[in-house]
Structure formats: C-alpha cells, structure tokens
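Below you'll find the structure, written out as structure tokens, and then a few comments.
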Amino acid sequence: MIAPMLYRWRWLTGFIVALFASACATTHMTMKYPDTRKCDQVDDYHGVKIADPYRWLENPESPESRTWIDAQTKITDAWSTNLSHLGSIRARIAQLWNYERYGVPFRQGLRYFYVRNDGLQNQSVLYTLDHIADAGRVLLDPNKLSADGTVALKGYAASEDGRYLAYGTSAAGSDWEEWHVRDIQTGTDASDVLKWVKFSGASWTIDGNGFFYSRYDEPKGEASLRSVNYFQKLYYHRVGGPQSVDVLVYERPDQKEWGFGGEVTEDGRYLIIRSSQGTDTRERIFYLDLNGPMTPAAVRPLLKEFDASYQFIGNVGETFYFVTDKDAPRGKLIAVPSANPVPSAWKEIIPQGTSTLSTASLVGNRLIANTMKDAASEVLIYSLDGRLERKLNLPGIGSATGFSGKSSSPETFYSFASFSDPSTIYRLDVSTGESTVYRRPKVAFDPADYVTKQVFYPSKDSTKIPMFITMRKSLALNGKQPTLLYGYGGFNISLPPSFSPGILAWMEMGGIYAQPNLRGGGEYGEAWHKAGTKLQKQNVFDDFIAAAEWLIANNYTTQKKLGIYGRSNGGLLIGACLTQRPDLFGAAVPAVGVLDMLRFHKFTIGWAWTSDYGSSDNAEEFRALLAYSPLHQIKPATHYPPTLIYTADHDDRVVPAHSFKFAATLQEAQGGSAPILIRIDTKSGHGAGKPTGRQIDEAAERYAFLFQNLNAVPDFSFKHVGRTN
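For any residue, its number in this note's numbering is found by taking its place in the sequence shown, counting from 1, and adding 1294.
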C-alpha cells in the first residue's frame, strides 16, 4: 500500500475561496489545483513503457486518496458557488421536472402494476391495481427505504398467481443488489434476503413458489466496489428459505466470463437460459424442461454458438421465437423448433427489412415489432405467420417503448416521447390496432414551442451520419447560439429522441441541442455497431468531430459557443474528442467516463467491455487503444477548453479512478487559463437510481457551467405556457 501523504489543504482552501470571492464574473481565470503526488509506476505493454504516475488514485478508500478527493471537492464547491445564474437555472429545471409521470403498466395474473412519480420524489413508487381504471395502491415506496433517497428499486417481478413480488434494491448507486420478497396483498416482506446479485432480474415458476435469479460469489480479499466479477451463476430460490439452500441451476466453472439469465416461458414449461460474454451482443441459448430436475446436467443447448444475438420473445408449445441478427445485420424474427434447432429447420417469420428490428413481443396472438427507421421508432404488427397487419400510428419523431404482455392478452401498453414531449402512456388494443391515451402528463411548458429536425452529414470517411437537432421554433439561427452536442456511440446502444427536463430547460433558455447517431450504436444494426468497435473505434470520434464541424459550418454555432457532453462510454467519447481536438470546443463535460483505456478491464465488470474496445493484453489492440485513450493522449502545455468532469465514489461499473487520474493529468497539463474541475458525488454510483434532487443539482450545475464558459446568458424571459390537457 502506498504510504499516505498529507498536504497543506487548509491554507490552500482558504486561498481558493478568497480567489473566487475577489474574482469578477470572468469565464476563465488562473486556477490553483491541489498538488497531486506522482509515483514512479511504469508498465510494459508489449515492449512499450507507459508511465502511470497516479496509480495510487485507483484506491479511493486510501487516506491519501480521500485527502485528494476532499481537496478537489472544496475547489469545485467554491467554483460552483460563484457560477452565474446557477440558482435561477436550478429553480427552472426543478419546475420543469415537477410533473406527474408514469411508467408503462403491465399485467401479471389478475393484477396491473406500474411505477409513478408525483414530480420531485427522489425515487418512483411501485403501485398495483385490480382494474386498469383504478387509481391503484402503493405496493413499494423506495423513498421510505432511506432518509436521503439513495436506496433505489432496481428490478421487480410479480408471481403469476399475484401473491408475491420479488424486488431488488441497491444502495448509493452501486450495481450490487439485494433482493427481497413482498406479500402483495398485505404489503409485508417475508424473511427472504438474497445478496451479491448483479445484472439480474427475477423470473417466477408458474406455481409461484419460487423464482430464478443470477448472482456472483461474495467478493474476497478486495473491496466489493473494485473487485473483478467473474463466474456468474444461475440459481432457483424458493420463497421462505435461506439463500444458502438455493438450487444451483447452471454454472460454467470452465468459462469465467460467461453470464446467465433465466426466463420462464409463459406456459411455465421451460426455463430459457441466455448465456453471454460480457457486453458482446452474441449469445448462446440453453433451456431446461421444468417438468424434470433443476440441475446443471438437465440443461440442454438450443442455440449452441456465440455467432449472433438471440432475443427470446415467447413460445408456442415447443417452438421458440427469437429476434436475431444471424445473417441479418438489421435483424429478423425466427421460429426455432426445440426438437430440431439446427439453422436449416428455422422458420423466418419476419425477414430483415430496411429498418432495424430492435425488439419484438408476442401479445394477443400477434407479433409486435419495434423497429428503428433512421434512429426513430416505427412499430409494426404482424400475424404469427409473419403477415403484416398494420403500422402503428405514432405521434411523430420519437421513441416508443413497452408492448409487453401475454400471448392471449387483448391489450398492451406503451409510451411515446420526443425531445420536447415527455412520455405519454397509451393502451393498445392489439386486435384492432386502436391506441387510446392512458396517462398524459401536465407540464409547465408548451411542447409546440419546439421543433426537431434530422440532418445527415458526412463523417471523415464520407459515411453519412444522422443527427437530431432540436430548439425553440423562435430561435434565430445566426451562428451565435450556445449549442450542446451529446453522443454515445458504443455497445450497440441506440440514441432515439427522448425527453429530459434538463435538456428542455437548456433549449428554453436559448440553447440548441444536437444528438448525432454515431457508429458503434445500434441504429442501423450490427454492421453499424461493429464499424465503431475495437480497431475501428476511431470512427466514433471522427463522427462526433464531424458533427461539431457541421454545426459550425452551417451557422448553428461557433467553436466558442459549442459545448460537448457524454456519460460512461459517452464520457470516453468526450475525453477522446477533447484531447484530439481541444481547439474545436468551447467547453466539455465528460461524465463517469472510461478514460484509461489500458486498465479499464482490471476492475469490476470492465473486462466485459473488451468486446467493444479490445484489450491492452492484445498487442494490436493495445496500439489502437493507446492512440485514443484520453488519459494517455493528454499533451503538456496544451490549451484545453473549460472542462467539468463528473464521477461518483460508489461507481462500481466505471470506477472513479478513471476520472481521478484524468483530472489530475489534465490539470497538470493545462497550458491555458480555462478551469479543469472534477465533481465527485458521494453516496452515488454510475447513474441508475440517482435521487431526483441530485439529478436536478447536477443538471443545473452542468448547464450553468456551459452557459458561463460559452459566454452566453440564459434567456429567462421566454414565455412559460403549461400544457394542461
């Protein structure tokens, strides 16, 4: 362990506060950062020596790291206190956030379930109801599980008989979950407690006596927030019993990277077991006949090879339906007979089309296909034999989600949202195709005041990239508007239009919001995804840089008025573009980013990302990683734009060491006067389950930072007209 070193933080903090107090509202000033000790750590990667002077920051619990964290926090707090318009921006974001919103309802047995938030509740509340027209009653209120709202409901599943609810919670934003069982009628919890669960749901047997879930062994010898997660196992838990007697259903001690998820078929006959390797979209499918023993030996292979993605959507007897990209990069739907699951026996039900088939469901004896056309939702309804019956009439350019249900159910529910319109919940009569509004939010603005358009621009290699641009209709395009460019570009994840109160506030105050659909995502299928992975990862950054250049060239904004923002893999995007083109951006916000591309696989679930990134253990992939790794591409005495880095001390997905080392290196290298700051949230993780109040605080700080450093003044005069219907 590195011996702790204590610095003279008291006098330094006093100096910083005085500096901010005496400064006028200038955008940039000379910053005095904490001294960050360097160690002599050097690693050999395939004959290349790479220094890692801040290796000690990889242990956030050490006294030396805690001292460094405290010092950085004091600097950022002092700076944030002096941000212009911060209070007004926060007040408006809170007002916009304060609307009643619902999750998509679903039915299990004779009951309906949905989540609801009255506006500013830190966590949404789970309700149950007997009839869909009822108001419902509270089944589980996570806000009562902790005083500060940092315990979140991460997953839940109701038994078919409507007696029990299995639910998982996480504390302080951790990926680790603890699962419990609640009696739905009485609202009381049974004695069941399941620990060391991560990346798992729950699926009940049809008799309601127990459920399947996945877990890891309890971490040994290292902190649970940093230790590597291997050897996930699939278990069956019987209600009322201790976890120690849970039945091991499947494991692969010869395959440490294989993960498992179990789903009971609607008829209760089979357990479908999905096996994956990290975040690789390719998977294997096994199944277990639940009329027989629950043992690993009884598990049978169905789709044996890691050769494509296979998304199980339902079964009719011994025939299983999957959405797959096997020989269909944009997706197709197939029927696989369990008695003869070889590819030659598969039946193609919905062939690959011009749009990308994202998901599908088997409801009301029909197939509901949720597709993407140029990154926006398009929903098609088919008969079970693949005959197109109708196209669902959606309200506009946006994102539709939901459509779950039973094969015999006459109804399903879905939500539709856009950049300027929060989620409206619809009930769909599957047989007639008629949609009716179930819940429409009342909001403190008029969505009609905003416009969204989609453009296609050329990337560096001339590939056409789609980009959504949304703003106030009345905004003048004079090339002087503050513009926020947001992106992701990875892991086959698509970025369709979606609603955010923070983004709405940004646009209301005069900002333009731009969201390109970069390679690496899933907007155009697996070929689009692969074009932004491993040795081709630079395509993603080229796509984003080209978006910035297009916005400037087409008179939306200027370099000094352009801010960039991304989270997680999107934080990597911002870090890479920031270090490759520091001249192109007026401000940057990389949040919870993967920034050390040589060591990301050493912590928690980081090894799983090698399917997209590659690994420094491979010589060729090491060279590609080193070429864009944000931490390693920082150049001394470079004028970097104002940068606000976000991370959290309980992030056990992208560990905070990424952001710690990046901040220390960037602060040392800064050759200009622009601030390099890091906000380190406490009792928070990667983002899921973050309390509403903290989300508002972060959004307000982010937009105040952008307005001030882009030399723009937020417009608070825009007429706020609320929608009441």
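All C-beta atoms, glycine included, are put in the ideal place defined by N, C-alpha and C. From a predicted model like this one, the values you see are computed outputs, not experimental measurements.
The criterion of a C-beta distance shorter than 9 Å is not satisfied by L1892 and I1939. Pairing A1882 with A1427, the inter-Cα distance amounts to about 47 Å. Rounded to whole angstroms, F1838 and L1845 show a C-alpha spacing of 11 Å. For D1991, the uninterrupted alpha helix (DSSP H) segment begins and ends at T1986 to N2003. E1545 carries a coil assignment under DSSP once its states are collapsed to helix, strand and coil. In the structure shown, the three-state DSSP call for A1694 is strand. Of the residues assessed, F2001 falls on the buried side of the cut-off, its CB having 16 or more other CB atoms within 10 angstroms. Cα atoms of H1944 and W1470: separation of roughly 11 Å, rounded to the nearest angstrom. The beta carbons of S1712 and F1793 sit about 7 Å from each other, so the pair counts as a contact at 8 Å. Here A1365 is buried, its C-beta having at least 16 other C-beta atoms within 10 Å. For G1860, the enclosing beta strand (DSSP E) stretches over residues L1856 to R1861. Excluding residues up to 5 positions away in sequence, G1865, I1868, G1869 and I1939 lie with their Cβ nearer than 6 Å to the Cβ of P1884 in the same chain. A straight line joining the alpha-carbon of E1728 with that of K1736 spans about 23 Å. The residue from T1898, I1899 and L1919 with its alpha-carbon nearest to that of G1908 is L1919. Of all C-beta pairs linking the segment 1896–1904 to the segment 1800–1817, fewer than three are shorter than 8 Å, placing the two stretches out of contact. Remark: fewer than three beta-carbon pairs, one from each stretch, lie closer than 8 Å, so the segment 1632–1643 and the segment 1693–1710 are not flagged as touching. Residue nearest to A1913 within the set E1394, R1331 and D1338 is D1338 (criterion: CA-CA distance). For the pair A1842 and K1667, the Cα-to-Cα distance works out to about 23 Å. With a beta-carbon spacing of about 12 Å, R1509 and V1487 fall beyond the 8 Å limit used to define contacts. Judged by DSSP secondary structure, W1490 falls outside any alpha helix (DSSP H) and instead within the beta strand (DSSP E) spanning L1488 to V1491. The shortest CA-to-CA distance from Y1396 to any of Y1421, T1932 and T1575 is the one to Y1421. The alpha-carbon separation between P1590 and Q1526 amounts to approximately 14 Å. DSSP places N1437 in the helix class (H, G or I) of the three-state scheme. Straight across, the Cα-Cα distance linking Y1807 with I1763 is about 6 Å.
Taking N1437 as the centre and dropping the five residues before and after it, the same chain places the C-beta of Q1415, N1416, Q1417, V1419 and G1443 closer than 8 Å to its C-beta, in chain order.
Under the rule that a run must span 4 or more residues, the alpha helix (DSSP H) segments found entirely inside the segment 1908–1977 read 1913–1922 and 1951–1963. Taking 9 Å as the cut-off, the beta carbon of N1609 is found closer than this to the beta carbon of D1561.
For V1336, no alpha helix (DSSP H) encloses it; the enclosing beta strand (DSSP E) starts and ends at V1336 to Y1339. Taken in chain order, the complete beta strand (DSSP E) segments of 3 or more residues contained in the segment 1754–1820 are 1758–1766, 1777–1780 and 1806–1810.
In this structure, the beta-carbon distance from T1499 to F1493 does not fall below 9 Å. Inclusion of A1669 and S1788 in the CB contact set at 9 Å is warranted, their separation being smaller than that value.
Taking C-alpha positions only, N2005 is separated from S1378 by approximately 11 Å.
If you draw a straight line from the Cα of S1671 to the Cα of G1647, it comes to about 14 Å. Where P1752 is concerned, the enclosing beta strand (DSSP E) starts and stops at Y1744 to P1752. Looking at the DSSP output, F1407 sits in a beta bridge with F1400 and T1422. Classified as exposed, F1750 has fewer than 16 neighbouring CB atoms from the shown chains inside 10 Å of its CB.
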